[in-house]
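*Asks:*
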Amino acid sequence: MKAWLRFLPSIIGKAIISETIKKYDIEFNILRAHITPRGGKMLVEISGPEEKESIKFIEEQGIEVNPIIKVVKKDKDKCIDCGACISLCPVKAINMEEDWTVEIDDQICIGCGFCAKSCPTKSIILFE
Amino acid sequence: MKTINEINQKIKDGDAVVVTASEMTEIVAENGPKEAAREVDVVTTGTFGAMCSSGAFLNFGHSDPPIKMARTYLNGVELYSGLAAVDAYIGAAQPNKDPELGLDYGGAHVIEDLIKGEEIELVAEAYGTDCYPLKHVETLITLDKLNQAIMVNPRNCYQNYAVAVNSTDETLYTYMGTLLPNYGNVTYSSAGELSPLINDPYFQTIGFGTKVFLCGAEGYIVGEGTQHSTDVERRHGVPTTSAGTLMLKGDMKKMNPEFLRAATMPKYGPTLYVGVGIPIPVLNEDIAASTGISDEDITCKVVDYGVPRRERPVVKETNYKELKSGKIEINGMEVPTSPLSSLKKARIIAEELKKLIEKSEFLLTSPIYRLPSRGYTLRPLEIRKPSILVRELESKPVIVTHPDENIKEVARKLVENNINHIPVVDEEGILQGIVTSWDIADAVAKGKTSLQDVMTKKVIIAREDEPVEVVARRIDKYDISGLPIVDSDNKVKGIITAEDISRLVGKKMDRGGESI
Ligand code: SF4
Ligand code: SF4
């Protein structure tokens, strides 16, 4: 699953993530991170057989876990299917379908925001 | 041989055979041009691309008391008002006068909002005359209330275009979209085999008076567009780079917002996506053959937008089949491609035009004269006082340092020579990094001793063969005070500072030259 983890300033110094990885059999992928002395947030992807247990553990350590279904959303009415966003995506989450409609696969998206910033019609919303 | 009149009769009778340019490609491939010419009467083309050179003449009607508008704004976007009293021309690429909105809401957006039927704020200022005493008006208008709103686009529908890449290690924001560093992506703008002028490369049927589909309404070609050029390299008859262009005219009041869209190329500016479809009457075998062109047979050039000169280096040739596959190969690497024009909309437009003709709602016109197909080359703008190249600047002997030099020693060099920047080079004089007096002060404060830890490794440079103006823009863009000058081997030849540049600008002004 993909989720935003929110850290309070008090736990920034703790090695909760590495502890979680050691404790549970999971793949832990950091997609985006924004950490300041006043706390921080991290977009991560967690997968593996012990996914649920590991999330429970993270929550118990005081990290807020906000699962996300979507990272980006394309406004279908505004988008003109030009495709300018396609080659900017570092993980190939944007593709042109058979009928030349441009589709974004939010399962692959890592929320880097390149596409949103460069869309000429501002049709892509990035969920923060 | 068929004539346009005969084809029109067939259209009226509902007997005309109309196919899109993509369908025609298949028909010609299967049956050959001779058979295709017998079978098909009209081929429809389409494109939906960013066409900065678009705009409209608007007539607002007279106020009471009347005003001779001298400066006119619609939703904060300035129009050109040097026409008669209440006429103005709105250009799609005009940014908003409000820097906050700037590029995000420009002329193109006003045009789109007008066509959508929205209310637009009109502000006009005047100097006042005996016949036009009013000096200021402020009101709301809609498209309906205007007397005329005539779209006149001086340059649309480029016949082929360059394909863009970026060789530098900075992201570039261009009219060809965002270009990632180090050949990170490729962008292209033509619709390839669907594109109008590519299907009639010598303008055998296209000319002044040709009726076209323009943003959902009937439009007309009113001649060749600006920068029209014909004497270019061709492959299969089709130019391998930008060549012919069209000047188009249409009634904005009849347009459909589905076939036109305002856009902003990031950090470049507003532009208008314009949907154009042109019917090509298949009068003979020759025309059948040219409308049968396939993406694979349309060659285009991949050009390096990292070099901000008129003649940008050609990296390689490719074709639209490769481009549309989603990736091409550059220097042995697979690079993802992005179209900038909407291929989906281009197809919808070609289909739409086909339907209109089949329903006898769109008849073809015979042009009064055909677009010129030879004798046009592009002349560059000659600058009387040519750009000064970095190489030509007087540069003081450059003071350099080496990565293993002691910080104290570097500090001494800065002070003794009264300089602020010092390039770090290896034994061969090749640039490794740069250090400023600030870096040194910072290092001393933090107790750092190794130059390696202090120097900036990603150095912004000036190349010897670059015009000084290009370097000035770089200094502005990165907000830096000085950059090393390097030759083609990356050997440091000198240093250029913001002060050097302002001194140069000052000198140029004294000579009455242009400013940078
Ligand atoms: S760049 Fe914007 S308008 Fe173009 S396809 Fe992507 S989302 Fe759609
Ligand atoms: S946000 Fe980044 S990863 Fe997600 S679709 Fe856009 S470019 Fe791709």
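Chains A and B, in that order, give the protein sequences. Under my numbering, think of the first position of the first sequence as 98, with each following residue one higher. Under my numbering, think of the first position of the second sequence as 1297, with each following residue one higher. For every residue, glycine included, the Cβ atom is placed at its ideal position computed from N, Cα and C.
#1: Taking just the CA atoms, how far does Leu-1354 (chain B) sit from Asn-1443 (chain B)?
#2: Name the two residues that bound the continuous beta strand (DSSP E) containing Gly-1698 (chain B).
#3: Can you find a heavy atom of ligand 1 that lies under 7 Å from the Cβ of Ala-181 (chain A)?
#4: Using 8 Å as the limit for Cβ to Cβ distance, is Arg-1264 (chain B) near chain A?
#5: Run through DSSP, which three-state label would Glu-142 (chain A) get?
#6: Listed from N- to C-terminal order along the chain, which residues in the segment 166-181 of chain A have their beta-carbon within a distance smaller than 8 Å of any beta-carbon of chain B?
#7: For Ala-1739 (chain B), count neighbouring Cβ atoms within 10 angstroms of its own Cβ and tell me buried if that reaches 16, exposed if not.
#8: Measuring only between beta-carbons, confirm whether Thr-1299 (chain B) sits less than 8 Å from chain A.
#9: Name the DSSP bridge partner or partners of Gln-1444 (chain B)?
#10: Does any residue of chain A have a CB that is nearer than 8 Å to the CB of Thr-1316 (chain B)?
#11: Helix, strand or coil for Val-1755 (chain B) per DSSP?
#12: Considering only residues of the same chain and omitting the five flanking positions on each side of Gly-202 (chain A), which have a CB-CB separation below 6 Å?
#13: Determine the closest residue to Glu-200 (chain A) out of A:Ser-220, A:His-131, A:Ala-112, with distance taken between C-alpha atoms.
#14: For the 8 Å Cβ check, are there 3 or more pairs between the segment 1478-1495 of chain B and the segment 1566-1577 of chain B?
#15: Between the alpha carbons of Asn-1714 (chain B) and Gln-1728 (chain B), how many angstroms are there, rounded?
#16: Counting only beta-carbon atoms, is Met-98 (chain A) nearer than 8 Å to chain B?
#17: Count the other CB atoms, across all protein chains shown, that sit within 10 Å of the CB of Ser-1621 (chain B); report buried if there are 16 or more and exposed otherwise.
#18: Measure the beta-carbon distance from Ile-1502 (chain B) to Leu-1667 (chain B) and round it to whole angstroms, keeping in mind my assumption that it falls under 8 Å.
#19: Between Gly-208 (chain A) and ligand 2, is there a pair consisting of the residue's CB and a ligand heavy atom that are separated by less than 7 Å?
#20: Going by DSSP, what residue range makes up the beta strand (DSSP E) through Thr-1343 (chain B)?
#21: Residues bridged to Met-193 (chain A) by DSSP?
#22: Would you check if the distance between the CB atom of Tyr-1498 (chain B) and the CB atom of Gly-1533 (chain B) is smaller than 8 Å?
#23: Among B:Leu-1544, B:Gly-1725, B:Val-1419, B:Pro-1682, which one has its Cα closest to the Cα of Val-1522 (chain B)?
#24: In chain B, what lies closer than 9 Å to Pro-146 (chain A) by C-beta?
#25: Give the secondary structure of Ser-1491 (chain B) by DSSP, where H, G and I count as helix, E and B as strand, and everything else as coil.
#26: Within 7 Å: the Cβ of Ile-166 (chain A) and any heavy atom of ligand 2?
#27: Say yes only if the C-beta of Lys-1620 (chain B) is nearer than 7 Å to one or more non-hydrogen atoms of ligand 3, and no if none qualify.
#28: Give the list of continuous alpha helix (DSSP H) stretches no shorter than 4 residues that lie fully inside the segment 1528-1596 of chain B.
#29: Tell me where the beta strand (DSSP E) around Ala-1384 (chain B) begins and ends.
#30: Counting contacts by CB-CB distance shorter than 8 Å, is Leu-1559 (chain B) in contact with chain A?
#31: With DSSP as the reference, identify every bridge partner of Asn-1371 (chain B), one or two as the case may be.
#32: Looking at C-beta atoms only, is the number of pairs between the segment 180-194 of chain A and the segment 154-163 of chain A that lie closer than 8 Å three or more?
#33: Could you please give the first and the last residue of the uninterrupted alpha helix (DSSP H) stretch that includes Lys-1742 (chain B)?
#34: Expressed to the nearest angstrom, what Euclidean distance is found between the alpha-carbon atoms of Ala-1420 (chain B) and Ser-1359 (chain B)?
#35: Can you name, in chain order, every residue of its own chain whose Cβ lies under 7 Å from the Cβ of Glu-1581 (chain B), other than the five neighbours on each side?
#36: In angstroms with no decimal places, state the Cα-to-Cα distance between Lys-1617 (chain B) and Ser-1486 (chain B).
*Replies:* If we stick to the structure as given:
#1: As a first step, residue 1443 (chain B) is located in the second sequence; it is residue number 147 there, counting from the start. As a first step, residue 1354 (chain B) is located in the second sequence; it is residue number 58 there, counting from the start. Roughly 8 Å separates the two Cα atoms.
#2: Translated into positions along the second sequence, residue 1698 (chain B) becomes position 402. According to the sequence displayed, residue 1698 (chain B) carries His and not Gly. Here His-1698 (chain B) belongs to no beta strand (DSSP E), and DSSP marks it neither H nor E.
#3: Here residue 181 (chain A) refers to the residue found at position 84 when the first sequence is read from its first residue. Taking 7 Å as the cut-off, one finds at least one heavy atom of ligand 1 near enough to the beta carbon of Ala-181 (chain A).
#4: For chain B, the structure presents residues 1297 to 1812; residue 1264 (chain B) sits outside this window and is missing.
#5: As a first step, residue 142 (chain A) must be located in the first sequence, where it is residue number 45. Assigned with DSSP and collapsed to three states, Glu-142 (chain A) falls in strand.
#6: Ile-177, Asp-178, Cys-179, Gly-180, Ala-181
#7: Translated into positions along the second sequence, residue 1739 (chain B) becomes position 443. It counts as buried.
#8: On the second sequence, residue 1299 (chain B) is found 3 positions in, with the first residue counted as 1. It does not; no Cβ of chain A falls within 8 Å.
#9: In the second sequence, counting from the first residue as 1, residue 1444 (chain B) sits at position 148. Answer is B:Asn-1355, bridged to Gln-1444 (chain B).
#10: For the purposes of this step, residue 1316 (chain B) is identified with residue 20 of the second sequence, where counting begins at 1. With 8 Å as the cut-off, Thr-1316 (chain B) does not count as an interface residue toward chain A.
#11: Within the second sequence, residue 1755 (chain B) is the residue found at index 459, counting from 1. Reduced to three states, the DSSP call for Val-1755 (chain B) is coil.
#12: Start at 1 with the first residue of the first sequence, and residue 202 (chain A) comes out as number 105. At residue 202 (chain A) the sequence reads Asp, which differs from the Gly that was named. The residues are Ala-190.
#13: Reading the first sequence from its first residue, position 103 is the one you call residue 200 (chain A). For the residues A:Ser-220, A:His-131, A:Ala-112, the minimum Cα distance to Glu-200 (chain A) belongs to A:Ser-220.
#14: yes
#15: Position 418 of the second sequence, counted from the start, is the residue given in the question as residue 1714 (chain B). Position 432 of the second sequence, counted from the start, is the residue given in the question as residue 1728 (chain B). Approximately 22 Å between the Cα atoms of the pair.
#16: Counted from its first residue, the first sequence places residue 98 (chain A) at position 1. It does not; no Cβ of chain B falls within 8 Å.
#17: As a first step, residue 1621 (chain B) must be located in the second sequence, where it is residue number 325. Exposed: under 16 other Cβ atoms inside 10 Å.
#18: On the second sequence, residue 1502 (chain B) is found 206 positions in, with the first residue counted as 1. On the second sequence, residue 1667 (chain B) is found 371 positions in, with the first residue counted as 1. Contact holds; Cβ gap of about 6 Å.
#19: Numbered from its first residue, the first sequence carries residue 208 (chain A) at position 111. Checking the Cβ of Gly-208 (chain A) against ligand 2 gives yes.
#20: Start at 1 with the first residue of the second sequence, and residue 1343 (chain B) comes out as number 47. Thr-1343 (chain B) -> beta strand (DSSP E) spans 1343-1346.
#21: Position 96 of the first sequence, counted from the start, is the residue given in the question as residue 193 (chain A). Paired residues: A:Val-199.
#22: Against the second sequence, residue 1498 (chain B) aligns to sequence position 202. Against the second sequence, residue 1533 (chain B) aligns to sequence position 237. A distance below 8 Å separates the beta carbons of Tyr-1498 (chain B) and Gly-1533 (chain B).
#23: Within the second sequence, numbered from 1, the residue matching residue 1522 (chain B) stands at position 226. Going by the sequence as given, residue 1522 (chain B) is Thr instead of Val. Nearest of B:Leu-1544, B:Gly-1725, B:Val-1419, B:Pro-1682 to Thr-1522 (chain B), Cα basis: B:Leu-1544.
#24: Here residue 146 (chain A) corresponds to residue number 49 of the first sequence, with the count starting at 1. Under the 9 Å cutoff, chain B gives no residues; its nearest Cβ is about 34 Å from Pro-146 (chain A).
#25: On the second sequence, position 195 is the one that residue 1491 (chain B) refers to. Correct three-state label for Ser-1491 (chain B): coil.
#26: In the first sequence, the residue the question calls residue 166 (chain A) occupies position 69. No, the Cβ of Ile-166 (chain A) stays beyond 7 Å of every heavy atom of ligand 2.
#27: Within the structure as shown, ligand 3 is missing, the only ligands being ligand 1 and ligand 2.
#28: 1581-1587
#29: By 1-based counting over the second sequence, the position of residue 1384 (chain B) is 88. 1383-1387 is the extent of the beta strand (DSSP E) around Ala-1384 (chain B).
#30: To locate residue 1559 (chain B), count along the second sequence from 1; it is residue 263. In the sequence on display, residue 1559 (chain B) carries Ala and not Leu. Taking Cβ atoms only, chain A reaches closer than 8 Å to Ala-1559 (chain B), which makes this a yes.
#31: Here residue 1371 (chain B) corresponds to residue number 75 of the second sequence, with the count starting at 1. Partner(s): none; Asn-1371 (chain B) has no beta bridge.
#32: no
#33: Sequence index remark: in the second sequence, residue 1742 (chain B) carries index 446 (1-based). Element bounds for Lys-1742 (chain B): 1733-1742.
#34: In the second sequence, residue 1420 (chain B) corresponds to position 124, counting from 1. In the second sequence, residue 1359 (chain B) corresponds to position 63, counting from 1. Straight-line Cα distance between these residues: approximately 11 Å.
#35: Here residue 1581 (chain B) corresponds to residue number 285 of the second sequence, with the count starting at 1. Cβ within range, chain order: Pro-1329, Lys-1330, Ala-1333.
#36: By 1-based counting over the second sequence, the position of residue 1617 (chain B) is 321. By 1-based counting over the second sequence, the position of residue 1486 (chain B) is 190. Approximately 12 Å, taken between the alpha carbons.
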